[in-house]
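Here is the structure we will look at.
2 protein chains.
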Amino acid sequence: MGKKYSNLVKNALGRTVPQEVNDQLQVPYMGVGKYKPDANRYGPKISSCSDFPLDGNKQVGSLKEALVKAGLKDGMTISTHHHFRNGDLLANQIFDIAKELGVKDLRWYPSASFPCHEHLIQYLEDGTIHHIEGSMNGPLGKFTSQGKMKGIGILRSHGGRYQSIQDGEVKIDIAVIGAACADSFGNANGLYGKSASGLLGFALADSQYADKVIVVTDNMIPFPCIPWQIQGNYVDYTVVTDKIGIPEKIVSGTTEITKSPDRLLLAEMTAKFCEITGIIHEGFSFQAGAGGTAGAVGEYFAETMRRLKIKGRFARGGSNKYLVKMLEEGLIEYILDGQTFDLDGVRSMAQNPGHVWTSPFTSYNYHGKGNFAGIVDVVILGATEVDVNYNANVVTHSDGMLLHGIGGWQNCLFSKTVILPIPLFRDRIPVILDEVTTICGPGELIDVIVTERGIAINPLRKDLLEKVKGSDLPIKTIQELKAEAEKICGKPARPQYEDEIVAVIKWVDGTIIDSVWKIKS
Amino acid sequence: MGKKYSNLVKNALGRTVPQEVNDQLQVPYMGVGKYKPDANRYGPKISSCSDFPLDGNKQVGSLKEALVKAGLKDGMTISTHHHFRNGDLLANQIFDIAKELGVKDLRWYPSASFPCHEHLIQYLEDGTIHHIEGSMNGPLGKFTSQGKMKGIGILRSHGGRYQSIQDGEVKIDIAVIGAACADSFGNANGLYGKSASGLLGFALADSQYADKVIVVTDNMIPFPCIPWQIQGNYVDYTVVTDKIGIPEKIVSGTTEITKSPDRLLLAEMTAKFCEITGIIHEGFSFQAGAGGTAGAVGEYFAETMRRLKIKGRFARGGSNKYLVKMLEEGLIEYILDGQTFDLDGVRSMAQNPGHVWTSPFTSYNYHGKGNFAGIVDVVILGATEVDVNYNANVVTHSDGMLLHGIGGWQNCLFSKTVILPIPLFRDRIPVILDEVTTICGPGELIDVIVTERGIAINPLRKDLLEKVKGSDLPIKTIQELKAEAEKICGKPARPQYEDEIVAVIKWVDGTIIDSVWKIKS
């Protein structure tokens, strides 16, 4: 293995990408909906009940014992999920054990990483971990950007992660699934217990396709653990430990949305845009992230809906107390939840049948027979940068540093209308550029940019341009917005790179949409 | 194709079975837990969202249009489920359409068939349908036993059906899934609407693995249809029709258990046996069928539990008002439901979170990492015949006629204790024989035979023999029971066959445990 990437090519967006990553052949991005693999889904090895305890009790003594029984060895792919967020205690333990056993060159395949995983940098340095495929946030991102990781990082969306597992692009050797509640057979959920995280959807593909699956819990109950968000029929071993997560870091006690006047203005403008264009209509649906501006948009939506006496059919979350309030107030009929951000979300999911858990399979997998993303009327997303062709970036900052994962961002771009409320500049650096540092989403899927100094509508959306005619919305072209920012801040400096790729960004279909380059030291 | 079966062999139970059925190579039964395929699960073709409507609406104008779009053609495998039982209106329609289109040699792959499917005999005769893999009950069984079907029938248990699809043994070209409630994306459940059937678990494998999946409903609601027992991400087309089933034949208004004094005696003896042996204990679990003796056992269990102040952890059903009453009374904490038999069952499933739907995957699939069957403390099953080695038959009668499907019977044999309460003779024909007409389950898995003239315990169960010592239970050997029956009825005549196999019986691992022979005319 190593960072070989001869045969660089330009993909359909003109970005330079490698044709081989970590010794695996790759397909360059070909355009939205253009790449259709002529192949079959991965079929895991056929198991036999005769190899499992007849009474269903798969419990072993410790995580270490489970990993050894699962055959942990050099070069394997180890997957974890991120439902414990920054309170996760499992991923670090797994690699502590790997180190203790002298296992090398592992591929870590988390559904996301968090600052708590900075602990793993020592194992990236000493060769226990060869590379990460998943988000490389904060310290891990910096480490990657500096070219210190042995292999090349691969970033995928939540849907892309499901797709890559389903399609056999990534074969997981051992999946470790932490669960707030489980039975000894391996049925598990995230609903009940001190480490409640709400749901376990991000571990679904891992459970279905991994060669060996280990469920770890600090709340083992008698069979059956209901609901079984993870089905024990996919599970090889179960383990009880004292503590799998730090509760207050798993979910917040409560969610507070932004108090920043700038962000509130963006949120208000976004809601007004959705009202004027009729996007907010009886039976509509929306998705807004939990933090920052996107979270505040939900509050403005709720106000608008009350005023217009409109009810929505469903909202997609990351749920929090604001979405739960809308559900309980009857403003929406359902929350379709991908993850849970606060205790109100956890409580609601455990009690309210209008609160439904989803998975990257149902919501986001591009290699399914459709997914939920396209059904959602409007989605409010963030971005670190947007270019004049509406291409957008969510993973790197303008200094070139890899600092964020993709999450469901790429997948949500298939919603009927995609709105990015973003400030025109951050720290005096313009956010709208001629060319973004890293393309994560093609401009043809991004419809509206809302900034504090005006709203730009993608010229492809003639219908929206028509609808805002005669309104008092400050509609401008994206070039005008860019010019305004540059008048104030000047033309931004571009990052300086070494001639070395440190990570690649996958599109939702498994092709490579862009590369991340080593920062010049 | 045709009924070639040169290379007959004797399997591990000494039964003569073909090594090839309908031109497909077969594995003879090798013993419990002995056959372990070294292969991978079937992976269906990778789909792309770009081939599906972006707004999620997959509705087409009619079932015929959906079948044509799905590419219906000669030789295909068409699957249906049996949740509508004898009220099913879909399976017949599918083959009416196939006939109209002139399509030939189809393989019908139902999860079970019912008398309402007698309509299909014309298509078995004219070559529209080549053969059936699934239960061949009543008229279809008689037709098969008379050697009139073009191909050889294959009978599988519910779990074996899942296993055969998962393992790629049966590739379904088109699955048609009738649902009481669905959205245009294809999410579906059996809970709400005039054709409510409770659940749709028997269509799960079909949805997951079929090349094309059609959901048909008479109750289309806006997305999302919740709960999604069938996930729209597996569905190609959705169809609305006026009526998919005859409600009163789908579920009974109410379940009445047997009033026969003979059967009630067997049920009472069974419950007493379970009390004396300690099988009924705090936190225990049981499964009893809905009809006849097995249904009555549940009532005696409930009485015993009330008297002993014992609560069970769960019951597995076919649920009906008696199980629902136990749940509501708090005698059991959960019902794990495979299907639903009456309106109380449907109501409870829609309302009570202690009422959980299962699938053949979770409950019965032998090629999973365990399944639920082995966790159940005691299961009460029926049989048409038992031999002195405890081998039992559920598919043919003593005249050799194929008259029943296997259902979950084989799968349940893995429960901790298997009890068959059966009369010593039926219509003056002894039920305990030297050799059964057709072996469906190996004797080593069958623990106790309860008859009106005594209880026989399998000598392998030394623990149970120990526990009944000193009790007033009428314990006898199975040979003694057989002798008693023959003293009264005489030695039964054995059926006369032609030298031709008309169907085979699969074991839970996909091997052939026995053959069904053509009845001598």
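Line order of the protein sequences matches chains A and B. Throughout, this note's numbering is defined as the position within the first sequence, counted from one, plus 245. Throughout, this note's numbering is defined as the position within the second sequence, counted from one, plus 245. Note that the Cβ used here is the ideal one computed from N, Cα and C, for glycine as well. For clarity, every value in this text was computed on a predicted model and none was experimentally measured.
For a contact defined as C-beta to C-beta under 9 Å, what are the partners of A:Cys-361 on chain B?
Ordered by position in chain B, no residue passes the 9 Å Cβ test against A:Cys-361, which lies about 30 Å from the chain.
Are B:Glu-680 and B:Tyr-635 touching if we call contact CB-CB under 9 Å?
Cβ distance not < 9 Å, so B:Glu-680 and B:Tyr-635 don't count as in contact.
Opposite B:Phe-531 in the DSSP bridges: which residues?
Bridge partners of B:Phe-531: B:Ala-560, B:Val-623.
Please classify A:Arg-222: is it buried, with 16 or more other beta-carbons within 10 angstroms of its beta-carbon, or exposed?
Examination of residue 222 of chain A is not possible in this model, given that chain A is present from 246 through 766 alone.
Got a sec? Which residues, its chain only, sit under 7 Å from A:Leu-317 by beta carbon, not counting five neighbours each side?
So the list reads Ala-343, Leu-346, Val-348, Ile-419, once near-sequence residues are dropped.
If we define contact as Cβ-Cβ less than 9 Å, is A:Trp-752 a contact residue for chain B?
By this cut-off, A:Trp-752 is not an interface position.
What does a CB cutoff of less than 8 Å around A:Val-277 pick up in its chain, not counting 5 residues either side in sequence?
Taken in chain order, the residues that qualify are Pro-687, Glu-689, Leu-690.
Name the two residues that bound the continuous alpha helix (DSSP H) containing A:Arg-547.
A small correction: the amino acid at residue 547 of chain A is Ala; Arg does not occupy that position in the sequence shown. Where A:Ala-547 is concerned, the enclosing alpha helix (DSSP H) stretches over 537-553.
Thinking C-alpha only, which one of B:Gln-655, B:Leu-626, B:Arg-673 is nearest B:Pro-666?
If we check each option's Cα against that of B:Pro-666, B:Leu-626 comes out closest.
Name the chain B residues that come within less than 8 Å of A:Phe-297, Cβ to Cβ?
Under the 8 Å cutoff, chain B gives Lys-614, Gly-615.
Starting from A:Asp-632 and walking both ways along the beta strand (DSSP E), at which residues does that stretch end?
It spans 630-632 - the beta strand (DSSP E) in which A:Asp-632 sits, taken as one unbroken run.
CB-CB under 7 Å to B:Asn-331, same chain, minus the five flanking residues each way: which ones, in chain order?
Contacts found: Phe-359, Pro-360, Cys-361, Lys-494.
Opposite B:Glu-376 in the DSSP bridges: which residues?
First, the residue type needs correcting, since residue 376 of chain B is His and not Glu in the sequence shown. According to DSSP, which records beta bridges pairwise, B:His-376 is partnered with B:Arg-352.
For B:Thr-538, which residues of its own chain have a beta-carbon under 6 Å away from its beta-carbon, when the five flanking residues on both sides are left out?
Answer for B:Thr-538: Arg-508, Leu-511, Ala-512, Pro-666, listed in chain order.
For A:Glu-527, is the classification buried or exposed, using 16 other Cβ atoms within 10 angstroms of its Cβ as the cut-off for buried?
Per the 10 Å Cβ criterion, exposed.
Return the CA-CA distance between A:Phe-297 and B:Gly-650, expressed in angstroms with no decimal places.
Roughly 28 Å between the two C-alpha positions.
Which residues in chain A have a C-beta closer than 8 Å to the C-beta of B:Val-591? List them in chain order.
Within chain A, no residue comes near B:Val-591; the closest Cβ sits about 16 Å away, beyond 8 Å.
For B:Met-571, which residues from the same chain have a beta carbon less than 6 Å from its beta carbon, with the 5 sequence-adjacent residues on both sides left out?
Only Ala-547, Ile-577 meet the Cβ criterion.
I want to verify the contact list: residues of chain B whose CB lies under 8 Å from the CB of A:Val-601, in sequence order.
Within 8 Å Cβ-Cβ: Pro-469, Ile-471, Pro-472.
If you draw a straight line from the alpha carbon of B:Gln-655 to that of B:Gly-615, how long is it in whole angstroms?
One C-alpha to the other measures close to 15 Å.
Kindly say whether B:Ile-291, judged by its beta-carbon, lies nearer than 9 Å to any beta-carbon of chain A.
Taking Cβ atoms only, chain A reaches closer than 9 Å to B:Ile-291, which makes this a yes.
Name the DSSP bridge partner or partners of A:Tyr-482?
Its beta-bridge partners are A:Ile-459.
Please classify A:Phe-329: does DSSP put it in a helix, a strand, or coil?
Correct three-state label for A:Phe-329: coil.
Below 8 Å, can you find three or more Cβ-Cβ pairs linking the segment 432-449 of chain B to the segment 391-401 of chain B?
No contact exists between the segment 432-449 of chain B and the segment 391-401 of chain B.
What's the C-alpha gap between B:Gly-735 and B:Asn-285?
C-alpha separation (whole angstroms): 51 Å.
For A:Ile-757, which of A:Asn-267, A:Gln-271, A:Gly-259 has the nearest alpha-carbon?
Answer by Cα proximity: A:Gln-271.
How long is the line joining the alpha carbons of B:Lys-721 and B:Val-623, rounded to whole angstroms?
Their backbone Cα atoms lie some 21 Å apart in a straight line.
Below 9 Å between beta carbons: does that hold for A:Thr-389 and A:Val-761?
Taking 9 Å as the Cβ cut-off, A:Thr-389 and A:Val-761 qualify as a contacting pair.
Rounded to whole angstroms, what is the Cα-Cα separation between A:Asn-267 and A:Gly-575?
Approximately 50 Å, taken between the alpha carbons.
How far does the beta strand (DSSP E) with A:Tyr-742 in it reach, from first residue to last?
742-751 is the span of the beta strand (DSSP E), which, as asked, contains A:Tyr-742.
A:Ala-560 CB to nearest chain B CB: under 9 Å?
Not an interface residue.
Does the beta carbon of A:Glu-314 come closer than 9 Å to any beta carbon on chain B?
Note on identity: in this sequence residue 314 of chain A is Lys, with Glu being the wrong assignment. Output row for A:Lys-314: interface = no.
Which residue comes first and which comes last in the alpha helix (DSSP H) that contains A:Ala-516?
That run of the alpha helix (DSSP H) goes 506-521.
For B:Lys-290 and B:Asp-456, which I take to be in contact (beta-carbon distance under 8 Å), what is that distance rounded to the nearest angstrom?
Yes, they are in contact, since the Cβ atoms of B:Lys-290 and B:Asp-456 sit about 7 Å apart, within 8 Å.
At 9 Å on the CB atoms, spell out the chain A contacts of B:Val-480, in chain order.
Neighbours of B:Val-480 on chain A, chain order: Lys-614, Gly-615.
Counting Cβ pairs, one atom from each stretch, are 3 or more of them under 8 Å apart for the segment 476-496 of chain B and the segment 324-341 of chain B?
With the cut-off at 8 Å, the segment 476-496 of chain B and the segment 324-341 of chain B touch.
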